[in-house]
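Below: the structure, in structure tokens.
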Amino acid sequence: MASIHLLPGLSRWLAFAWVWLFARMLPDASSHVVNLFYKSAVFTILYGSAIWKFNISPDINHWIDLAISKGTSLLKKSK
28 MASIHLLPGL
38 SRWLAFAWVW
48 LFARMLPDAS
58 SHVVNLFYKS
68 AVFTILYGSA
78 IWKFNISPDI
88 NHWIDLAISK
98 GTSLLKKSK
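Structure below.
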């Protein structure tokens, strides 16, 4: 069976489709502005974590790993 990484762009579209469907099923907030930020934040977090977990873009993974390492080093310094 072929790896999903061999099909260019398909893994990104599958990740996008699943996250978009999940974000559409979230309940609506009382305000349109709150609803916009709420659903956008959920979509961004889920899509970003899917891109990071499945290693779709090595550049993005490097940036995320760098940000996590800097964040953990800052947390360790503050203790």
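Under the numbering used here, think of the first position of the sequence shown as 28, with each following residue one higher. The beta carbon of each residue, even a glycine, is placed where N, CA and C say it ideally should be. Note that the structure is a prediction, hence the values are computed from the model and not measured.
Give me the Cα-Cα distance between residue i and residue j, rounded to the nearest whole angstrom.
| i | j | result |
| --- | --- | --- |
| Leu101 | Ile91 | 15 Å |
| Phe70 | His89 | 21 Å |
| His59 | Ala68 | 14 Å |
| Ile83 | Phe49 | 20 Å |
| Trp47 | Ser96 | 29 Å |
| Ser76 | Arg39 | 12 Å |
| Pro85 | Leu63 | 30 Å |
With a 10 Å radius around its C-beta and 16 neighbouring C-beta atoms as the bar for buried, classify residue i as buried or exposed.
| i | result |
| --- | --- |
| Ile87 | exposed |
| Ala42 | buried |
| Ile78 | buried |
4 or more residues per run - each alpha helix (DSSP H) lying fully within the segment 69–105: 85–105
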